[in-house]
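The numbers in the numbering used here rise by one with no breaks, and the one at position 7 of the sequence shown is 19. Where a beta carbon is used, it is the ideal one built from N, C-alpha and C, also for glycine. As the structure is a computational prediction, the values presented were derived from the model and not from experiment. Worksheet: the structure to be examined is printed underneath.
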Amino acid sequence: EAWLFPLGEADGVGTLIARPNAYVLEVIEGSDMRFRGGIWRGGMALKITSSSRLERRAWQHLAMTFDGSALRLYLGGILDAQLAVGSGGIDAGSSDLFVGVHPLGGTPTRALSGIVDELRISSVARWPVHDPPVIEMVA
Numbered sequence: 013e014a015w016l017f018p019l020g021e022a023d024g025v026g027t028l029i030a031r032p033n034a035y036v037l038e039v040i041e042g043s044d045m046r047f048r049g050g051i052w053r054g055g056m057a058l059k060i061t062s063s064s065r066l067e068r069r070a071w072q073h074l075a076m077t078f079d080g081s082a083l084r085l086y087l088g089g090i091l092d093a094q095l096a097v098g099s100g101g102i103d104a105g106s107s108d109l110f111v112g113v114h115p116l117g118g119t120p121t122r123a124l125s126g127i128v129d130e131l132r133i134s135s136v137a138r139w140p141v142h143d144p145p146v147i148e149m150v151a
């Protein structure tokens, strides 16, 4: 999960976080900006895209969970999309963790056009929660 302030200054895919061949959280940039999450199982990528659009130049809370059988995306603490993927675990992956880029072909690419804050990776599914995330404005 993370807070994201998408600038929306690019087209294509921007990587929020990636552990190649294990999991990824991406922003699909362009006029219809959405986010997408995915896991790898048995070498196959299983991905899901948000139903809701992201707002440009506004802080939003994004989360992806996997409970062993379903992949879920949350926007602002509210379930936005889900995909049943059957039972089993996530592939271990063999690479480091990347934030803001994806190492496709060994070279950092798919740079994110935005700001990321309070990134958290957990070994348990933390959502849903009873209260959605709150933005506090400090003057």
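Would you mind sorting residue i into buried or exposed? The rule is 16 or more other CB atoms within 10 Å of its CB.
i           : result
residue 108 : exposed
residue 117 : exposed
residue 124 : buried
residue 96  : exposed
residue 126 : buried
residue 62  : buried
residue 45  : buried
residue 27  : buried
Suppose the cutoff is 6 Å on Cβ atoms and the five residues either side in sequence are ignored; what does the same chain contact list for residue i look like?
i          : result
residue 76 : 37, 49, 85
residue 13 : 75, 132
Check whether chain D comes within 7 Å of residue i, counting only Cβ atoms and requiring the distance to be less than that.
i           : result
residue 128 : Among the chains of the structure shown, chain D does not appear; only one protein chain is present.
Out of the options, which has the shortest C-alpha to C-alpha gap to residue i?
i           : options            : result
residue 43  : 21, 61, 52         : 21
residue 19  : 58, 59, 66         : 66
residue 68  : 61, 111, 23        : 23
residue 136 : 111, 128, 101, 129 : 101
residue 94  : 59, 114, 121       : 59
residue 64  : 40, 114, 57, 55    : 40
residue 16  : 134, 122, 119, 112 : 112
residue 25  : 55, 53, 121        : 121
Can you list, in chain order, the residues of its chain with a C-beta nearer than 8 Å to that of residue i? Leave out the 5 residues immediately preceding and following it.
i          : result
residue 98 : 81
Does the beta carbon of residue i fall short of 6 Å from some heavy atom of the ligand HEM?
i          : result
residue 36 : This structure does not include the ligand HEM; it has no bound ligands of any sort.
Only counting the same chain, and skipping five residues up and downstream in sequence, which positions put a Cβ closer than 7 Å to that of residue i?
i           : result
residue 57  : 50
residue 130 : 14, 15
May I ask you to verify whether the region 61 to 77 touches the region 85 to 100, counting CB pairs closer than 8 Å and requiring at least 3?
Verdict: yes, contact present.
Do the region 94 to 111 and the region 23 to 37 touch if we need at least three Cβ pairs shorter than 8 Å?
Touching, yes.
Ranges of the alpha helix (DSSP H) found wholly within the region 44 to 111, counting only runs of at least 4:
For the region 44 to 111, not a single whole alpha helix (DSSP H) run of length 4 or above is found.
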